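Engineer: Next up is a structure, given as structure tokens.
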Amino acid sequence: MMFFVFLTSAISMGVTFLYGCVGEIITEKSGHLNLGIPGIMCVGGFGGCLGVSIYMQSLSSPDNANWFLLIIISMFFSVLFSAMFGALYCFLTVTLRANQNVTGLAITTFGVGFTNYFVKNINMANFTKASALISYSPLKGKLGEFGDIFVSHGFFIYFAIVIAIVAALVLNKTRVGLNLRAVGENPATADAAGISVTKYRYIATIIGSMIAGLGGLFYIMDRLGGHWEYVLDIMGWLAIALVIFTLWKPIISIFGSILFGGLYIAGSYITGLSIHQKELFGLLPYVITVIVLIITSVLDSKENQPPAALGLNYFREDR
Amino acid sequence: MAEVTNNSGAKKLHEPLFHITRKSAVPFWKASLIRAIAIFAALVACGIVSLILIGKNPFYIYKTMFDGAFSTKRKFWIFIRNAALLLGYSLAIVPAFKMKFWNLGADGQVLMGGLATVACMLFLGGKMPDAAVIAIMLVASIAASVIWAVLPAIFKAFFKTNESLFTLMMNYIAMGLVTYFINRVVKGGSGVLNPIGYANLPDIGGAQFAGRKFLLTIIIFAVITAFMFIYLKYTKHGYEISVVGESENTARYIGIGVKKVIIRTLILSGVICGIIGFVLVGGIDHTIRSDISAGRGFTAILIAWIAKFNPIFMVLMSLFVAFLEVGSGQVNTVFQLDNSAFSSIIVGIIYLFIIGCDFFINYRILLSAKARETLSKIGGIFKKKQTREEPEETVGEETVLEESDKTEDGKTESEITENDFETAAEKEDDRI
Numbered sequence: 001m002m003f004f005v006f007l008t009s010a011i012s013m014g015v016t017f018l019y020g021c022v023g024e025i026i027t028e029k030s031g032h033l034n035l036g037i038p039g040i041m042c043v044g045g046f047g048g049c050l051g052v053s054i055y056m057q058s059l060s061s062p063d064n065a066n067w068f069l070l071i072i073i074s075m076f077f078s079v080l081f082s083a084m085f086g087a088l089y090c091f092l093t094v095t096l097r098a099n100q101n102v103t104g105l106a107i108t109t110f111g112v113g114f115t116n117y118f119v120k121n122i123n124m125a126n127f128t129k130a131s132a133l134i135s136y137s138p139l140k141g142k143l144g145e146f147g148d149i150f151v152s153h154g155f156f157i158y159f160a161i162v163i164a165i166v167a168a169l170v171l172n173k174t175r176v177g178l179n180l181r182a183v184g185e186n187p188a189t190a191d192a193a194g195i196s197v198t199k200y201r202y203i204a205t206i207i208g209s210m211i212a213g214l215g216g217l218f219y220i221m222d223r224l225g226g227h228w229e230y231v232l233d234i235m236g237w238l239a240i241a242l243v244i245f246t247l248w249k250p251i252i253s254i255f256g257s258i259l260f261g262g263l264y265i266a267g268s269y270i271t272g273l274s275i276h277q278k279e280l281f282g283l284l285p286y287v288i289t290v291i292v293l294i295i296t297s298v299l300d301s302k303e304n305q306p307p308a309a310l311g312l313n314y315f316r317e318d319r
Numbered sequence: 320m321a322e323v324t325n326n327s328g329a330k331k332l333h334e335p336l337f338h339i340t341r342k343s344a345v346p347f348w349k350a351s352l353i354r355a356i357a358i359f360a361a362l363v364a365c366g367i368v369s370l371i372l373i374g375k376n377p378f379y380i381y382k383t384m385f386d387g388a389f390s391t392k393r394k395f396w397i398f399i400r401n402a403a404l405l406l407g408y409s410l411a412i413v414p415a416f417k418m419k420f421w422n423l424g425a426d427g428q429v430l431m432g433g434l435a436t437v438a439c440m441l442f443l444g445g446k447m448p449d450a451a452v453i454a455i456m457l458v459a460s461i462a463a464s465v466i467w468a469v470l471p472a473i474f475k476a477f478f479k480t481n482e483s484l485f486t487l488m489m490n491y492i493a494m495g496l497v498t499y500f501i502n503r504v505v506k507g508g509s510g511v512l513n514p515i516g517y518a519n520l521p522d523i524g525g526a527q528f529a530g531r532k533f534l535l536t537i538i539i540f541a542v543i544t545a546f547m548f549i550y551l552k553y554t555k556h557g558y559e560i561s562v563v564g565e566s567e568n569t570a571r572y573i574g575i576g577v578k579k580v581i582i583r584t585l586i587l588s589g590v591i592c593g594i595i596g597f598v599l600v601g602g603i604d605h606t607i608r609s610d611i612s613a614g615r616g617f618t619a620i621l622i623a624w625i626a627k628f629n630p631i632f633m634v635l636m637s638l639f640v641a642f643l644e645v646g647s648g649q650v651n652t653v654f655q656l657d658n659s660a661f662s663s664i665i666v667g668i669i670y671l672f673i674i675g676c677d678f679f680i681n682y683r684i685l686l687s688a689k690a691r692e693t694l695s696k697i698g699g700i701f702k703k704k705q706t707r708e709e710p711e712e713t714v715g716e717e718t719v720l721e722e723s724d725k726t727e728d729g730k731t732e733s734e735i736t737e738n739d740f741e742t743a744a745e746k747e748d749d750r751i
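Taken in sequence, the protein lines are chains A and B. Just so we're aligned: 38 in my numbering is position 38 of the first sequence, and the numbers increase by one with no gaps anywhere. Counting from 1 along the second sequence, just add 319 to a position and that's the residue number in my numbering.
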């Protein structure tokens, strides 16, 4: 059935947003609006490609590639680069207390430039084989088209969902999550209660960046089959939109990402559309985000608001 | 609780190595000097980066960058025109930013203005006299931009809808609409609208004058700059904007209609964005693409922020950024980098340095007694400097440390650090 194929594709598309979204949720829960996420996703994608390239070059033949090593090495490099950029953002905003919007945009400019410049130097030979291995699923096609919705995906899709669930549990059920939310809602109170605001903000933002960077890796190596495309920054902005759409809740973001993924690809699945009509379909994620943004602010319910201190730097002596 | 940084109790006194306090007013020359040092450091860093990336003498690269802006008359005019455009964007966002309305949507607002302009050119061009079409273009462009700018403002004013995310989304909607429009009117699906010959803005000066195609743009934005400088500094509206930016509660208390100010200011932003769209499409490109704005809306935010929202500094900053852009463009061509990303790297590094240097303008680092002891052991010179009353000379990281010897009310700094921040809080209470 067409619809099953569409849904399978929507899930794999949406996971790119899911990584960025969960990363940004964790960051925003600490009170930091990291607009550097689009740049960080680019850098994460670059790091992943670098890792894959290094591993593939080290083999005598690309057919010897080991699934586990490939995933670990590409993840390691992706996370390494995105963590570096996340740490740079943190250093500027948390330690040097620079404006978050401005710093985030600068990180995006820098990250996109960095990626576009260096990605040309990566040897992308054998990337198709690497990609096939990364998106390998032992059960693909064995349970029919309906089964494929659930079992045909590569490792990174399930990993994203696990991350989202773990993030939700940590945020809502643990002491660490409570502290993190306190830091994002009212850093002065959290500080008075003995929570290290600086430490929480650093760790949350860097972990958030690492997760977002994996989105870049996933999109290039799994979704696009190992072909580089200069679209990761747009994915990053959509991921930030998804954060608003899902009301800062990682569990909702799993479903939200599938919806966004579906909307993103809907144009090419509906037959009989002209090019310009497809273009209008591509607008839907943004329009829906705006509508959700408006509805949540009009309803003004306490649970569905962004963290109260979002975008504000904390300086202990400011009162 | 987890780690307790509180000093009370019988526990061993935990003294941090340093702590940070806010400086009171910093003299203008000192702040400028710190910024100049940051820019210099950034240029050095860029030199090192280019050395690694291109493998050429950094001075040669700087020279190439100068060539990009100054080697021919045409290049010089393009450089000035680009600076004027960047300045236009920063002027459009600056009133909103001054009242802490984070308008990230200048790109989208300009695009909508450009879309309205191009629609007028396409459908009215040739059917009416050019002058009439140009007048309609201007009005249509401003109207479209104002709608795009004022929507987030209305929701912000009445429902406190997050404006940075709202305006950001509006950018992408505008881009989509432009692509939709192009695909709609261009037959054959090439997705490229050829330049339209009707209703182009006129050149200024004779055929001999190298700047004839660029001068009009420059004049328009020079006028807007003067207007914005006066508007922000000497009018009641400008005053209201800065009060709302400082504190909404104060504004409400002294009887400023905050909602009105927000909406009015964003209408002004929209008007300027409309003019940019009009100039960009009617005067420069004569067509539209979804990336016609080239991310200037974001660059403008950095320009406005670094210039501390002062239109005069924004002129300098726009010139600087435009120089970097045309300069690194020249580096691309000369060294055949086949990649415009080099300029993003250079510009990005410079942004990060300038953003970071604000810290050294606004804050000072107070070393604890113990840390100072260790430091003075390391360098005997440092100790000599400490005893001096008024350390002047160069301002850099070192001086920031030196200055920390004295706090505002003349207490030596070790007195404060010993009691850590509680004393600082008490002090503040006393003051109140």
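Glycine residues also receive a C-beta, built at the ideal position from the N, C-alpha and C atoms. Predicted, not measured: the structure shown is a model, and the values here were computed from it.
Where does residue 717 of chain B sit, in a helix, a strand or coil, going by DSSP?
Structural biologist: For residue 717 of chain B, the predicted model reports a pLDDT of 40, less than 50, meaning its position is unreliable and no value from the coordinates is stated.
Engineer: At the 8 angstroms Cβ level, is residue 114 of chain A part of the contact set with chain B, yes or no?
Structural biologist: It does: the Cβ of residue 114 of chain A has a partner Cβ on chain B nearer than 8 angstroms.
Engineer: Drop a sphere of 10 angstroms on the beta-carbon of residue 82 of chain A, count the other beta-carbons inside from all chains shown, and report buried for 16 or more, exposed for fewer.
Structural biologist: With 16 or more Cβ atoms within 10 Å of its Cβ, residue 82 of chain A is classed as buried.
Engineer: Can you list, in chain order, the residues of the stretch 471-485 of chain B whose Cβ is nearer than 8 angstroms to any Cβ on chain A?
Structural biologist: Taking 8 angstroms as the Cβ-Cβ cut-off against chain A, the residues of the stretch 471-485 of chain B that qualify are 474, 478, 479, 480, 481, 483, 484 and 485.
Engineer: Can you list, in chain order, the residues of its chain whose CB lies under 8 angstroms from that of residue 590 of chain B, leaving out five sequence neighbours each side?
Structural biologist: If we look at residue 590 of chain B and ignore the five residues flanking it on each side, its Cβ neighbours are 461, 464 and 465.
Engineer: Looking only at its chain, what residues have a beta carbon closer than 6 angstroms to the beta carbon of residue 533 of chain B, apart from the 5 residues adjacent to it on each side?
Structural biologist: Around residue 533 of chain B: 396 and 400.
Engineer: Expressed to the nearest angstrom, what Euclidean distance is found between the alpha-carbon atoms of residue 96 of chain A and residue 675 of chain B?
Structural biologist: Cα to Cα, the separation comes out at about 6 angstroms.
Engineer: Which of the three DSSP states is assigned to residue 338 of chain B in this structure?
Structural biologist: Strand at residue 338 of chain B.
Engineer: Name the DSSP beta bridge partners of residue 124 of chain A, please?
Structural biologist: Paired residues: none, contrary to the question.
Engineer: If you pair each beta-carbon of the stretch 269-287 of chain A with each one of the stretch 481-493 of chain B, do three or more pairs fall below 8 angstroms?
Structural biologist: Verdict: yes, contact present.
Engineer: Which whole-angstrom value is the C-beta distance of residue 14 of chain A and residue 270 of chain A, which I expect to be below 8 angstroms?
Structural biologist: Not confirmed; about 18 angstroms, so no contact.
Engineer: Which of the three DSSP states, helix, strand or coil, is assigned to residue 136 of chain A?
Structural biologist: The answer is coil: DSSP assigns residue 136 of chain A none of H, G, I, E or B.
Engineer: Quick one: what does DSSP say residue 379 of chain B is sitting in, helix, strand or coil?
Structural biologist: Three-state DSSP puts residue 379 of chain B in a helix.
Engineer: For residue 664 of chain B, return the contacting residues in chain A, with the cut-off set at a CB-CB distance below 8 angstroms.
Structural biologist: The answer, in chain order, is 110, 113, 114 and 117.
Engineer: Can you tell me whether residue 519 of chain B is buried or exposed? The criterion is at least 16 other CB atoms within 10 Å of its CB, across all chains shown.
Structural biologist: So residue 519 of chain B ends up on the buried side.
Engineer: With the cut-off set at 8 angstroms, would you say residue 98 of chain A and residue 677 of chain B are in Cβ contact?
Structural biologist: A contact, by the Cβ cut-off of 8 angstroms.
Engineer: Is the stretch 24-36 of chain A touching the stretch 207-217 of chain A in the sense that three or more CB pairs, one from each, lie closer than 8 angstroms?
Structural biologist: Result yes; three or more Cβ-Cβ pairs closer than 8 angstroms.
Engineer: Is residue 208 of chain A helix, strand or coil by DSSP?
Structural biologist: Residue 208 of chain A falls in the helix class under three-state DSSP.
Engineer: Beta carbons nearer than 7 angstroms to chain B: which residues of the stretch 57-73 of chain A have them?
Structural biologist: For the stretch 57-73 of chain A, which is checked against every Cβ of chain B, not one residue is closer than 7 angstroms.
Engineer: Only counting the same chain, and skipping five residues up and downstream in sequence, which positions put a Cβ closer than 7 angstroms to that of residue 116 of chain A?
Structural biologist: Around residue 116 of chain A: 230.
Engineer: Quick one: measure Cβ to Cβ for residue 459 of chain B and residue 436 of chain B, integer angstroms, because I've assumed they're closer than 8 angstroms.
Structural biologist: At roughly 7 angstroms, the Cβ-Cβ gap stays under 8 angstroms, so residue 459 of chain B and residue 436 of chain B are in contact.
Engineer: Use the C-beta contact count for residue 169 of chain A: other C-beta atoms within 10 angstroms, 16 or more gives buried, fewer gives exposed.
Structural biologist: With fewer than 16 Cβ atoms within 10 Å of its Cβ, residue 169 of chain A is classed as exposed.
Engineer: Pop quiz: residue 256 of chain A and residue 242 of chain A are said to be a contact at Cβ under 8 angstroms. What is the actual Cβ separation, rounded to whole angstroms?
Structural biologist: Residue 256 of chain A to residue 242 of chain A, Cβ: 5 angstroms. Contact.
Engineer: For residue 7 of chain A and residue 18 of chain A, I'd like the C-alpha separation in whole angstroms.
Structural biologist: Taking the straight line joining both Cα atoms gives about 15 angstroms.
Engineer: For my contact list, residue 85 of chain A and residue 43 of chain A are in at a C-beta cut-off of 8 angstroms; report their separation, rounded to the angstrom.
Structural biologist: At roughly 5 angstroms, the Cβ-Cβ gap stays under 8 angstroms, so residue 85 of chain A and residue 43 of chain A are in contact.
Engineer: What's the C-alpha gap between residue 50 of chain A and residue 122 of chain A?
Structural biologist: Those two C-alpha atoms are separated by around 6 angstroms.
Engineer: Mind pulling the chain A residues with CB within less than 7 angstroms of residue 661 of chain B?
Structural biologist: By Cβ distance, chain A contributes 117.
Engineer: Straight-line CA distance for residue 367 of chain B to residue 377 of chain B?
Structural biologist: Roughly 7 angstroms between the two C-alpha positions.
Engineer: Which runs of the beta strand (DSSP E) fall wholly inside the stretch 567-624 of chain B and span at least 3 residues, in chain order?
Structural biologist: Qualifying beta strand (DSSP E) stretches: none in this window.
Engineer: From this set, B:444, B:432, B:510 and B:693, which residue's C-alpha is nearest residue 592 of chain B's C-alpha?
Structural biologist: When each option's Cα is compared against that of residue 592 of chain B, the closest is B:432.
Engineer: Quick one: measure Cβ to Cβ for residue 406 of chain B and residue 637 of chain B, integer angstroms, because I've assumed they're closer than 8 angstroms.
Structural biologist: Contact flag correct, Cβ pair sits at about 4 angstroms.
Engineer: Taking a Cβ distance cut-off of 9 angstroms, strictly less, list which residues of the stretch 600-622 of chain B are near chain A, in chain order.
Structural biologist: Within the stretch 600-622 of chain B, the residues whose Cβ lies closer than 9 angstroms to some Cβ of chain A are 614, 617, 618, 620 and 621, listed in chain order.
Engineer: For residue 498 of chain B and chain A, any beta-carbon pair shorter than 8 angstroms?
Structural biologist: So, interface residue.
Engineer: Give every residue of the same chain whose Cβ lies closer than 6 angstroms to the Cβ of residue 547 of chain B, excluding the five residues on either side of it in the sequence, and list them in chain order.
Structural biologist: Cβ within range, chain order: 410 and 630.
Engineer: Using a Cβ-Cβ cut-off of 8 angstroms, state whether residue 714 of chain B counts as contacting chain A.
Structural biologist: For residue 714 of chain B, the predicted model reports a pLDDT of 41, less than 50, meaning its position is unreliable; a value from the coordinates is still stated below. Taking Cβ atoms only, chain A never reaches closer than 8 angstroms to residue 714 of chain B, which makes this a no.
Engineer: If contact means a Cβ-Cβ distance below 9 angstroms, which residues of the stretch 442-468 of chain B contact chain A?
Structural biologist: So the list is empty, because no residue satisfies the distance condition.
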